[in-house]
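Participant: Just dropping this structure here.
Protein chains in written order, with my numbering: chain A, 4 to 280; chain B, 182 to 659.
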């Protein structure tokens, strides 16, 4: 059964794409923090993407992705009305949402999309959500309006200072943690160095910190252990035990290394794709 | 001691050999190793069967095929009749003829094996299944020209591996409407992602699946039992029975230093990338896999053999199977082990990994092994290995861990009312396969832990038979 793309939008031209995909069963079951594994065509590989939003009434889910290699570039070529061959989900444990006085949700780059769904979950549970988002410049920020629609505050950091604080999200986060004693949890989603830096910042404050790990996956249903990561000294499978873990217990260095394990093959595949198209 | 003079006996007719690709050729391709009998070879082998009145071979078969019956028809030149006999009890004869460990089942019980070589039952089963040209799905599934009329009974299977396919084949031939939910994008479970093409061509599996489709079995891929669909929902949707056959799942790791280094794979990941992802044809297919030059596979079962032989075919210069006991204790089929050795796989027995060693980029460069010696037999009757303290390094760039699996929690966590065994697998009534939830059955690796294709099929058959008894009547269940 193919999965139709009912809406497609370049959030950042040539770089970040949003797709609304017809997948009623997944839309019905998806919770914040869940992801899907998809395969573009019959020669494709299985890649994981976080569910950035869902609309159970319309039977759709939203995915947002950065074009980084062959598979995402291939996916980006699909237009509205075309089909993705396989979409499997919702996978992973949903975000654990507890009643909190206040929560800070940190999103970096494309991770803002995934963070948005989790922030929404915290908001719907009645938690005060402070969004902290960051990118290289203002044109690369995502979901500002959507976050603004339910977060009382959206704090922005850009590397070049074109909007909000000039610098990193961690600086905004640290300041906030110093001032706001009601923050009971920090959630961070984005590039590995960002999540690692966030965990470092929150550690001295003793605030619970949740990160969503983006390890390499194959099946996404616990069969293979490609996504394994070390948390608190134990091997965990991000696809079934996570993808969210305690940021203070994750071995980020190992995650970074493992993410690079197929760099040569990824380059070969992407180069071949670019040469053909 | 006096040499006892034996009267020279007429030499027993040896088993008819099956043609196969020569080792040096096949070790570098993914084509099927064994080529199957021709009609003449099959007739020759069939003529060896003694047609026992109380056949021991049949007792040795987990799905109780009427073995002398199908061989008798083959001898009479009635191949289609032989196929019908196979189909009476076996939904996947072309698969079983290839992957069953016949030496411990039917052939292990064959009376001829007491003094000579047993009848090659598996090869004959394969010959019949491969050469039977069905005119339609009904005929392929039952061997009959007409199938039972559809009844108002609906059964859902979760998972599409050997146990579920057996349930689907058995019940659909009785006219039951079966819907199969599969989490991956391709059907067949371990037959597709696990067992390599060179042992079980995917076309063989596809043919069996297509036959079921023609009998109106509905297959839904990308449906994860416990995530996309819950057991409770299936019952609420009006399915009369649900069969859970989701397999064992999570690979075990050894929890030793360096297991997360780049180049260390579980056998499941390695085989899934190559078989399901077609990584052997990268970059034509998008899934990558490391093409290691020096590979070690840890474990002594069939999965270890499959992984080692796959590594050779991906171009490895050296492939070692590292096992902590000796060759004699290996649980793999003899035939698989012999095939692997012929192709150039080396054994490193009585060795156990202590740690994996990496370079500054966390890439695997070697494994430190500890020499073992065999101690007293343990509960399983096998002599347990004991460390000697002597260690040595084996330089490798790829390690594949094939030491077994543990239960996959996804479906179990979403179905808390399922009673589990101490080991965390689903508990079922051994007679019927029914779980603690009425109307919900289970079988295969999620009940027994990692076992064989045929034992999963046996479990599927048991469950299907009790479902048939309950909903259609005693007469229907065969």
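Positions of the beta carbon are idealized from the N, C-alpha and C atoms, including for glycine.
Quantities reported herein were computed from a predicted structural model and do not represent experimental measurements.
Would you say residue 416(B) and residue 620(B) are within 8 Å of each other, going by their C-beta atoms?
Facilitator: In the second chain, counting from the first residue as 1, residue 416(B) sits at position 235. In the second chain, counting from the first residue as 1, residue 620(B) sits at position 439. Closer than 8 Å, so yes.
Participant: With a threshold of 8 Å on Cβ separation, who are the neighbours of residue 184(B) within its own chain once the five nearest residues in sequence on each side are excluded?
Facilitator: Residue numbering aside, residue 184(B) sits at position 3 when the second chain is read from its first letter. Caution is warranted here: a pLDDT of 49 is assigned to residue 184(B), below 50, making its placement in the model unreliable, and the coordinate value is therefore given only provisionally. So no residue of the chain qualifies.
Participant: Near residue 543(B), what residues of its chain come up, given a Cβ to Cβ distance below 7 Å and the 5 sequence neighbours on each side ignored?
Facilitator: Stepping through the second chain from its first residue, residue 543(B) is reached at position 362. Cβ within range, chain order: 442, 443.
Participant: Mind listing the chain B neighbours of residue 18(A)? Cutoff is C-beta to C-beta under 7 Å, in chain order.
Facilitator: Here residue 18(A) refers to the residue found at position 15 when the first chain is read from its first residue. Under the 7 Å cutoff, chain B gives no residues; its nearest Cβ is about 21 Å from residue 18(A).
Participant: With 16 other CB atoms within 10 Å as the buried threshold, where does residue 200(B) fall?
Facilitator: Against the second chain, residue 200(B) aligns to sequence position 19. Under this definition residue 200(B) is an exposed residue.
Participant: Do the CB positions of residue 479(B) and residue 238(A) come within less than 8 Å of each other?
Facilitator: The residue you call residue 479(B) lines up with position 298 of the second chain. The residue you call residue 238(A) lines up with position 235 of the first chain. Against a cut-off of 8 Å, the Cβ pair of residue 238(A) and residue 479(B) comes out as no contact.
Participant: Looking at C-alpha atoms only, which residue of 73(A), 53(A), 101(A) is the closest neighbour of residue 266(A)?
Facilitator: Start at 1 with the first residue of the first chain, and residue 266(A) comes out as number 263. Looking at the Cα atoms, 73(A) is the closest of the given residues.
Participant: Which residues mark the beginning and the end of the beta strand (DSSP E) in which residue 108(A) is found?
Facilitator: If you number the first chain from 1, residue 108(A) lands on position 105. That run of the beta strand (DSSP E) goes 105-111.
Participant: For a contact defined as C-beta to C-beta under 9 Å, what are the partners of residue 518(B) on chain A?
Facilitator: Mapped onto the second chain, residue 518(B) falls at position 337. Here the premise fails: no neighbours, minimum Cβ distance about 24 Å.
Participant: Report the residue ranges of all beta strand (DSSP E) runs contained in full by the stretch 335-407 of chain B; include only those spanning at least 3 residues, in chain order.
Facilitator: Within the stretch 335-407 of chain B, the complete beta strand (DSSP E) runs of at least 3 residues are 335-339, 358-362, 399-401.
Participant: How would you list, in chain order, the residues of chain B whose beta-carbon sits under 8 Å from the beta-carbon of residue 89(A)?
Facilitator: Position 86 of the first chain, counted from the start, is the residue given in the question as residue 89(A). Residues of chain B passing the Cβ test: 366, 402, 403.
Participant: So, using beta-carbon positions, are residue 187(A) and residue 211(A) closer together than 8 Å?
Facilitator: Here residue 187(A) refers to the residue found at position 184 when the first chain is read from its first residue. Here residue 211(A) refers to the residue found at position 208 when the first chain is read from its first residue. Yes, these two residues count as a Cβ contact at 8 Å.
Participant: Look up residue 633(B) in the DSSP assignment and say whether it is helix, strand or coil.
Facilitator: On the second chain, position 452 is the one that residue 633(B) refers to. In the structure shown, residue 633(B) sits in coil (DSSP, three-state: anything other than H, G, I, E or B).
Participant: Whose CA, out of 573(B), 538(B), 537(B), lies closest to the CA of residue 529(B)?
Facilitator: For this step, residue 529(B) is matched to residue 348 along the second chain. Measuring from the Cα of residue 529(B), the nearest candidate turns out to be 573(B).
Participant: For residue 118(A), which beta-bridge partners are listed by DSSP?
Facilitator: In the first chain, counting from the first residue as 1, residue 118(A) sits at position 115. For residue 118(A), which the question treats as bridged, DSSP gives no partner whatsoever.
Participant: I want to verify the contact list: residues of chain A whose CB lies under 7 Å from the CB of residue 538(B), in sequence order.
Facilitator: Numbered from 1 along the second chain, position 357 holds the residue referred to as residue 538(B). Those within 7 Å of residue 538(B) in chain A number zero; the least Cβ separation is about 15 Å.
Participant: Of all the CB atoms in chain A, is at least one closer than 8 Å to the CB of residue 467(B)?
Facilitator: Residue numbering aside, residue 467(B) sits at position 286 when the second chain is read from its first letter. For residue 467(B), the answer is yes, since a Cβ of chain A falls inside 8 Å of its Cβ.
Participant: Which parts of the stretch 571-609 of chain B are runs of the beta strand (DSSP E), unbroken and 3 residues or longer, counting only runs that do not cross its ends?
Facilitator: With a minimum length of 3 residues, the continuous beta strand (DSSP E) runs that stay inside the stretch 571-609 of chain B are 579-582.
Participant: Using the Cβ count rule (16 or more neighbours within 10 Å means buried), how would you classify residue 554(B)?
Facilitator: As a first step, residue 554(B) is located in the second chain; it is residue number 373 there, counting from the start. By the 10 Å Cβ count, residue 554(B) comes out exposed.
Participant: For the stretch 598-615 of chain B and the stretch 638-654 of chain B, state whether three or more C-beta atom pairs, one from each stretch, are separated by less than 8 Å.
Facilitator: At 8 Å Cβ cutoff, the stretches touch.
Participant: I'd like to know if residue 243(A) contacts chain B, where contact means its C-beta is closer than 8 Å to some C-beta of that chain.
Facilitator: Taking the first chain and counting its residues from 1, one reaches residue 243(A) at position 240. Chain B contact via Cβ: present.
Participant: Here's a check: name, in chain order, each residue in its chain whose Cβ is nearer than 8 Å to the Cβ of residue 232(B), leaving out the five neighbours to either side.
Facilitator: Translated into positions along the second chain, residue 232(B) becomes position 51. So the qualifying residues of the chain are 249, 252, 253.
Participant: What number of angstroms, rounded off, separates the C-alpha of residue 204(B) from the C-alpha of residue 519(B)?
Facilitator: Translated into positions along the second chain, residue 204(B) becomes position 23. Translated into positions along the second chain, residue 519(B) becomes position 338. If you take the alpha carbons of residue 204(B) and residue 519(B), they lie about 11 Å apart.
Participant: Give the interface partners of residue 265(A) over in chain E, defined as CB-CB distance under 7 Å, in chain order.
Facilitator: In summary, chain E is missing from the structure at hand, where the protein chains are A and B.
Participant: Is it true that the CB of residue 95(A) sits closer than 8 Å to the CB of residue 246(A)?
Facilitator: Counting from one through the first chain, the residue named residue 246(A) turns up at place 243. Counting from one through the first chain, the residue named residue 95(A) turns up at place 92. Yes; because the gap between Cβ atoms is below 8 Å, this pair is in contact.
Participant: With residue 161(A) as the anchor, note down where its beta strand (DSSP E) starts and where it stops.
Facilitator: Sequence index remark: in the first chain, residue 161(A) carries index 158 (1-based). Per DSSP, residue 161(A) belongs to the beta strand (DSSP E) from 156-161.
Participant: From the beta carbon of residue 432(B), is the nearest beta carbon of chain A less than 8 Å away?
Facilitator: Residue 432(B) sits at position 251 when you count from the first residue of the second chain. So yes, residue 432(B) belongs to the interface.
Participant: So is residue 210(B) buried or exposed if we call it buried at 16+ other beta carbons inside 10 Å?
Facilitator: On the second chain, position 29 is the one that residue 210(B) refers to. Residue 210(B) should be labelled exposed.
Participant: Looking at the secondary structure, which residues open and close the alpha helix (DSSP H) in which residue 13(A) lies?
Facilitator: In the first chain, counting from the first residue as 1, residue 13(A) sits at position 10. Looking at the DSSP string, residue 13(A) is not in any alpha helix (DSSP H); the run it does join, the beta strand (DSSP E), is 6-15.
Participant: Roughly how many angstroms lie between the CA atoms of residue 97(A) and residue 36(A), to the nearest whole one?
Facilitator: Reading the first chain from its first residue, position 94 is the one you call residue 97(A). Reading the first chain from its first residue, position 33 is the one you call residue 36(A). So the alpha carbons of these two residues sit roughly 5 Å apart.
Participant: Between residue 473(B) and residue 436(B), what straight-line distance do the alpha-carbon atoms span, to the nearest angstrom?
Facilitator: For the purposes of this step, residue 473(B) is identified with residue 292 of the second chain, where counting begins at 1. For the purposes of this step, residue 436(B) is identified with residue 255 of the second chain, where counting begins at 1. Taking the straight line joining both Cα atoms gives about 23 Å.
Participant: In whole angstroms, what separates the C-alpha of residue 82(A) from that of residue 89(A)?
Facilitator: If you number the first chain from 1, residue 82(A) lands on position 79. If you number the first chain from 1, residue 89(A) lands on position 86. Whole-angstrom Cα-Cα distance: 16 Å.
Participant: Quick check: the stretch 143-156 of chain A against the stretch 116-129 of chain A, are there 3 or more CB pairs under 8 Å?
Facilitator: The stretch 143-156 of chain A is in contact with the stretch 116-129 of chain A.
Participant: What is the DSSP secondary structure of residue 264(B), reduced to helix, strand or coil?
Facilitator: Walking along the second chain from the start, residue 264(B) turns up at place 83. Residue 264(B) falls in the helix class under three-state DSSP.
Participant: Count the other C-beta atoms from every protein chain shown that fall within 10 angstroms of the C-beta of residue 216(B), then say buried if there are 16 or more, exposed otherwise.
Facilitator: For this step, residue 216(B) is matched to residue 35 along the second chain. Exposed is the call here.
Participant: I'd like to confirm the pairing. Which residues does DSSP put opposite residue 446(B) in its beta bridges?
Facilitator: Looking up residue 446(B) in the second chain gives position 265. Note: residue 446(B) sits in a beta bridge opposite 581(B).
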